[in-house]
């Protein structure tokens, strides 16, 4: 069975801080973390477009399904002690769609802000 994998933008300070927090909690190592700024080959291997991955967090389930945005976060939370209830709450209250809409707006703003001076590249 393939490991659950989360793909994140390590060039984003907020994203990196959040992922570092999750990694500390993931003591059992149930999530394979891939910083796409360091490992673009992993994206190609998973069939994930680099530009899409720079815009939104992605995850690959153990069965190969690709998740983006809040569904990816929920899948991460389900695997982390202390976050399983949050995942259940978000799904139980059917908040995934609303939260994903908000996340998409934030993610677009984040990328636009990060790239406004031309210092980032969406291509490898």
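Numbering (our numbering), first residue to last: 195 to 318. Note that beta-carbon positions come from the ideal geometry of N, C-alpha and C, so glycine has one too. Being a predicted model, the structure only gives us computed values, none of them experimental.
Put simply, of 297, 268, 232, 247 the residue whose alpha carbon is nearest the alpha carbon of residue 225 is 268.
Pairing residue 300 with residue 222, the inter-Cα distance amounts to about 30 Å. Take the alpha-carbon of residue 206 and the one of residue 286: they are about 30 Å apart. The criterion of a C-beta distance shorter than 9 Å is satisfied by residue 213 and residue 227. The region 241-261 makes contact with the region 197-204, as at least three CB pairs between them are under 8 Å.
Distances from the CA of residue 231 to each of 247, 216, 240, 239 were compared; the closest alpha carbon is that of 247.
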